[in-house]
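Below is one structure, written out as structure tokens; comments come after it.
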Amino acid sequence: MAVQTVASTTDSVAESAAPSVDLGPAAALSCRECGHRVPLGPLFACEECFGPLEIAYDFSAYDTEELRRSIEAGPANIWRYAPLLPVPADVATKPNINPGWTQLVQADRLARELGVTGGLFVKDDSGNPTHSFKDRVVAQALEAARAFGFTTLSCSSTGNLAGAVGAAAARAGLRSCVFIPHDLEQGKVVMAAVYGGELVGIEGNYDDVNRFCSELIGDPAGEGWGFVNVNLRPYYAEGSKTLAYEICEQLGWRLPDQLVVPIASGSQLTKIDKGLQELIRLGLVEDRPYKIFGAQAEGCSPVSTAYKAGHDVVRPQKPKTIAKSLAIGNPADGPYVLDIARRTGGAVEDVTDEQVVEAIRLLARTEGIFAETAGGVTVGVTKKLIENGLLDPSLTTVVLNTGDGLKTLDAVADTGLTATIRPSLESFREAGLA
Ligand SMILES: *Cc1c(COP(=O)(O)O)cnc(C)c1O
Ligand SMILES: [Zn+2]
Numbered sequence: 001m002a003v004q005t006v007a008s009t010t011d012s013v014a015e016s017a018a019p020s021v022d023l024g025p026a027a028a029l030s031c032r033e034c035g036h037r038v039p040l041g042p043l044f045a046c047e048e049c050f051g052p053l054e055i056a057y058d059f060s061a062y063d064t065e066e067l068r069r070s071i072e073a074g075p076a077n078i079w080r081y082a083p084l085l086p087v088p089a090d091v092a093t094k095p096n097i098n099p100g101w102t103q104l105v106q107a108d109r110l111a112r113e114l115g116v117t118g119g120l121f122v123k124d125d126s127g128n129p130t131h132s133f134k135d136r137v138v139a140q141a142l143e144a145a146r147a148f149g150f151t152t153l154s155c156s157s158t159g160n161l162a163g164a165v166g167a168a169a170a171r172a173g174l175r176s177c178v179f180i181p182h183d184l185e186q187g188k189v190v191m192a193a194v195y196g197g198e199l200v201g202i203e204g205n206y207d208d209v210n211r212f213c214s215e216l217i218g219d220p221a222g223e224g225w226g227f228v229n230v231n232l233r234p235y236y237a238e239g240s241k242t243l244a245y246e247i248c249e250q251l252g253w254r255l256p257d258q259l260v261v262p263i264a265s266g267s268q269l270t271k272i273d274k275g276l277q278e279l280i281r282l283g284l285v286e287d288r289p290y291k292i293f294g295a296q297a298e299g300c301s302p303v304s305t306a307y308k309a310g311h312d313v314v315r316p317q318k319p320k321t322i323a324k325s326l327a328i329g330n331p332a333d334g335p336y337v338l339d340i341a342r343r344t345g346g347a348v349e350d351v352t353d354e355q356v357v358e359a360i361r362l363l364a365r366t367e368g369i370f371a372e373t374a375g376g377v378t379v380g381v382t383k384k385l386i387e388n389g390l391l392d393p394s395l396t397t398v399v400l401n402t403g404d405g406l407k408t409l410d411a412v413a414d415t416g417l418t419a420t421i422r423p424s425l426e427s428f429r430e431a432g433l434a
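In terms of the UniProt record's numbering, the sequence shown is residues 1 to 434.
Take a look at the structure:
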């Protein structure tokens, strides 16, 4: 594969070489730590310092008003932002599950309960094709996989990613083989298996699954495999920027004052910040301050623990929480999340499993949105941050719901019938329902 030779070229050669793949405005991979640049390829770690590689873009040709017009005239999915993503210009014509453009719900009833007066919105990503935000990131990885000639799409997953990869591979006609911890919720297992790819349970937690995948990439058995969140991670991660783009466009090309974002590996939070920064630099929104708050479950809270202790490094934890989609004990982007929370004046907070369930019910009761446990984490953390005085209720606030409650039914399994009656008015009255 061409990729190997590309990876070993020197900096200067890399910059002058003709691009071997067409991923639109993506110009190169660049190390987040030392800035070392290499050509686009299925690489994720810097050969100089082992820092994470990110996509570097060339946006220099864009005129702000033209770009805004072309976005607004684009399809009602993430491809309206194709000029800002590592995808070919004709991406919308290829078989893809076309996620995004999910509802930004003005949550007035939830706002009243929480005492928010500055405007509260829920970005409801349960509306994506496989009912979680993961469709956004997988859609980018799929384009990279096509560009690099991979024939199998794979991932290590806490559940939602497995479903998103299965669906995207099915639509694109690729083989998929995905790896999950063996003890996930039934909803997520079925959702991942139904698309017909191979689904492998690993005896261990997510961090064990991830380690196994890294080994497989280095082995001949993994040849031709694109692991969306490992060797395609720089591309995958860019999909989270579309959350930032959509939120701002849906607010009328305006930055929210505060965002509450869940943290698993921390990739989503980090790239939402990157997306907001791009909009500012491109002149699509006014440059003014915003705060990003991170949300974790107490039973897997390595980032909030580090935040509260004032640490720059994140100490790994062994996860034990019902918020399984966020149960990453050793989050790759943890230190960057700490940076962003501190730089923007946000915070990182956690809630107990009990508070997660309470928050799921609160959101459902007030707004008619049934969130998975990750949504319970963000809503619960929002409530706690207001009580702590860390989140200002007089400012515009966007809370992310990243998944669908139907995938984590166990969390609210004690919810059910109000009464069972005979089909008669008498029985209806007897039950006290009249
Ligand atoms: C994967 C996931 C996230 C965030 O994951 P990161 O690794 O932090 O990007 C959030 N919510 C849900 C429901 C997820 O599945
Ligand atoms: Zn580096």
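Quick reminder that beta carbons are idealized off the backbone N, C-alpha and C, glycines included.
inquiry  = Taking 6 angstroms as the cut-off, is the C-beta of residue 51 nearer than that to any heavy atom in ligand 2?
reply    = Indexing the sequence shown from 1 puts residue 51 at position 51. True, at least one ligand heavy atom lies under 6 angstroms from that Cβ.
ask   = What distance in whole Å lies between the Cβ atoms of residue 202 and residue 227, which are believed to be in contact at a cut-off of 8 angstroms?
value = Counted from its first residue, the sequence shown places residue 227 at position 227. Counted from its first residue, the sequence shown places residue 202 at position 202. 14 angstroms between Cβ atoms; not a contact.
ask   = Any heavy atom of ligand 2 closer than 6 angstroms to the CB of residue 54?
value = Position 54 of the sequence shown holds residue 54. No, the beta carbon of residue 54 sits no closer than 6 angstroms to any heavy atom of ligand 2.
inquiry  = Can you tell me which residues form a DSSP beta bridge with residue 401?
reply    = Taking the first residue of the sequence shown as 1, we reach residue 401 at position 401. Its beta-bridge partners are 124.
task = Keeping to the same chain, check which residues put their C-beta closer than 6 angstroms to that of residue 332; ignore five residues upstream and five downstream.
result = Numbered from 1 along the sequence shown, position 332 holds the residue referred to as residue 332. Same-chain partners within the cutoff: 265.
inquiry  = Checking 7 angstroms against the spacing of the C-beta atoms, do residue 260 and residue 399 come in under that value?
reply    = Locating residue 260 in the sequence shown gives position 260, counting from the first residue. Locating residue 399 in the sequence shown gives position 399, counting from the first residue. For residue 260 and residue 399, yes; Cβs fall inside 7 angstroms.
request  = Could you name the residues that DSSP lists as bridge partners for residue 29?
outcome  = As a position in the sequence shown, residue 29 is number 29, starting the count at 1. Per DSSP, 38 and 55.
task = Locate the alpha helix (DSSP H) running through residue 213, then write down its first and last residues.
result = The residue given as residue 213 occupies position 213 in the sequence shown. Per DSSP, residue 213 belongs to the alpha helix (DSSP H) from 206-217.
task = Taking all protein chains shown into account, decide if residue 410 is buried (16 or more other Cβ within 10 angstroms of its Cβ) or exposed.
result = To locate residue 410, count along the sequence shown from 1; it is residue 410. Counting Cβ neighbours within 10 Å, residue 410 comes out exposed, since fewer than 16 surround it.
query = Grouping DSSP H, G and I as helix and E and B as strand, with all else coil, what is residue 350?
reply = Position 350 of the sequence shown holds residue 350. If DSSP states are grouped into helix, strand and coil, residue 350 belongs with the strands.
task = Using the Cα positions of residue 415 and residue 49, report the straight-line distance between them to the nearest angstrom.
result = Start at 1 with the first residue of the sequence shown, and residue 415 comes out as number 415. Start at 1 with the first residue of the sequence shown, and residue 49 comes out as number 49. Their Cα atoms are separated by approximately 51 angstroms.
request  = Determine, using beta carbons only, whether residue 403 and residue 372 come nearer to each other than 7 angstroms.
outcome  = By 1-based counting over the sequence shown, the position of residue 403 is 403. By 1-based counting over the sequence shown, the position of residue 372 is 372. For residue 403 and residue 372, yes; Cβs fall inside 7 angstroms.
key: Per DSSP, cross-strand counterpart(s) of residue 371   = As a first step, residue 371 must be located in the sequence shown, where it is residue number 371. DSSP output for residue 371 lists 404 as bridge partner(s).
inquiry  = According to DSSP, simplified to helix, strand and coil, what is residue 424?
reply    = Taking the first residue of the sequence shown as position 1, residue 424 is located at position 424. DSSP places residue 424 in coil when its eight states are reduced to three.
ask   = Is the region 18-35 close to the region 85-102, with three or more CB pairs under 8 angstroms?
value = yes
inquiry  = Taking the alpha-carbon of residue 309 as reference, which of 328, 151, 338 and 242 has the nearest alpha-carbon?
reply    = Stepping through the sequence shown from its first residue, residue 309 is reached at position 309. Ranking the options by Cα distance to residue 309, first place goes to 338.
inquiry  = Report the start-end ranges of each alpha helix (DSSP H) in the region 75-163 that is 4 residues or longer and not cut off at the edges.
reply    = 108-114 and 134-148
query = In chain order, what residues of the same chain have a beta carbon less than 8 angstroms from the beta carbon of residue 417, not counting five sequence neighbours either side?
reply = As a first step, residue 417 is located in the sequence shown; it is residue number 417 there, counting from the start. Taken in chain order, the list of residues that qualify is empty.
query = Would the C-beta of residue 262 count as close to ligand 1, meaning under 6 angstroms from any of its heavy atoms?
reply = For this step, residue 262 is matched to residue 262 along the sequence shown. Yes, the beta carbon of residue 262 sits closer than 6 angstroms to at least one heavy atom of ligand 1.
query = In this structure, does DSSP put residue 175 in helix, strand or coil?
reply = Taking the sequence shown and counting its residues from 1, one reaches residue 175 at position 175. It is a strand residue.
query = Contact between the region 216-224 and the region 123-138: three or more CB pairs below 8 angstroms?
reply = no
query = From what residue to what residue does the alpha helix (DSSP H) around residue 277 run?
reply = The count along the sequence shown starts at 1 and reaches residue 277 at position 277. 267-281 is the extent of the alpha helix (DSSP H) around residue 277.
request  = Compare the beta carbon distance of residue 319 and residue 148 with 7 angstroms and say whether it is the shorter of the two.
outcome  = Residue mapping note: residue 319 aligns to position 319 of the sequence shown, counting from 1. Residue mapping note: residue 148 aligns to position 148 of the sequence shown, counting from 1. No, these two residues do not count as a Cβ contact at 7 angstroms.
query = Do residue 374 and residue 325 come within 7 angstroms of each other at the CB atom, strictly closer than that value?
reply = If you number the sequence shown from 1, residue 325 lands on position 325. If you number the sequence shown from 1, residue 374 lands on position 374. Yes, these two residues count as a Cβ contact at 7 angstroms.
request  = Excluding the 5 residues preceding and the 5 following residue 394 in the sequence, name in chain order all residues of the same chain whose CB lies nearer than 6 angstroms to its CB.
outcome  = Position 394 of the sequence shown, counted from the first residue, corresponds to residue 394. Excluding sequence neighbours, residue 394 sits near 117 and 118.
ask   = Cα-Cα, which of 150, 139, 63 and 146 is closest to residue 163?
value = Along the sequence shown, one-based indexing puts residue 163 at 163. Of 150, 139, 63 and 146, the residue nearest in Cα terms is 139.
message = Under 6 angstroms: does the beta carbon of residue 374 sit that close to some heavy atom of ligand 1?
response = Taking the sequence shown and counting its residues from 1, the one referred to as residue 374 is at position 374. Because some heavy atom of ligand 1 lies under 6 angstroms away, the Cβ of residue 374 counts as near it: yes.
inquiry  = Among the candidates 160, 385 and 283, whose CA atom is the shortest distance from the CA of residue 253?
reply    = For the purposes of this step, residue 253 is identified with residue 253 of the sequence shown, where counting begins at 1. The shortest Cα separation from residue 253 among 160, 385 and 283 belongs to 283.
query = Looking at the structure shown, is residue 296 part of a helix, part of a strand, or coil, going by DSSP?
reply = Counting from one through the sequence shown, the residue named residue 296 turns up at place 296. Residue 296: strand per DSSP, three-state reduction.
query = Does the beta-carbon distance from residue 238 to residue 55 come in below 7 angstroms?
reply = Here residue 238 refers to the residue found at position 238 when the sequence shown is read from its first residue. Here residue 55 refers to the residue found at position 55 when the sequence shown is read from its first residue. The answer is yes: Cβ separation under 7 angstroms.
key: Paired residues, beta bridge with residue 200 - DSSP   = The residue labelled residue 200 in the question sits at position 200 within the sequence shown. Per DSSP, 179.
request  = Report whether the distance from the Cβ of residue 155 to the nearest heavy atom of ligand 2 is below 6 angstroms.
outcome  = The residue given as residue 155 occupies position 155 in the sequence shown. False, no ligand heavy atom lies under 6 angstroms from that Cβ.
ask   = Taking the C-alpha atoms as reference points, what is the distance between residue 9 and residue 291?
value = Counted from its first residue, the sequence shown places residue 9 at position 9. Counted from its first residue, the sequence shown places residue 291 at position 291. In this prediction, residue 9 scores a pLDDT of 37, lower than 50, which makes its location untrustworthy; no coordinate-derived value is stated.
query = So residue 96 and residue 171 are in contact, right, with Cβ under 8 angstroms, and what is the actual spacing, rounded?
reply = On the sequence shown, residue 96 is found 96 positions in, with the first residue counted as 1. On the sequence shown, residue 171 is found 171 positions in, with the first residue counted as 1. The Cβ separation is near 6 angstroms, so the contact holds.
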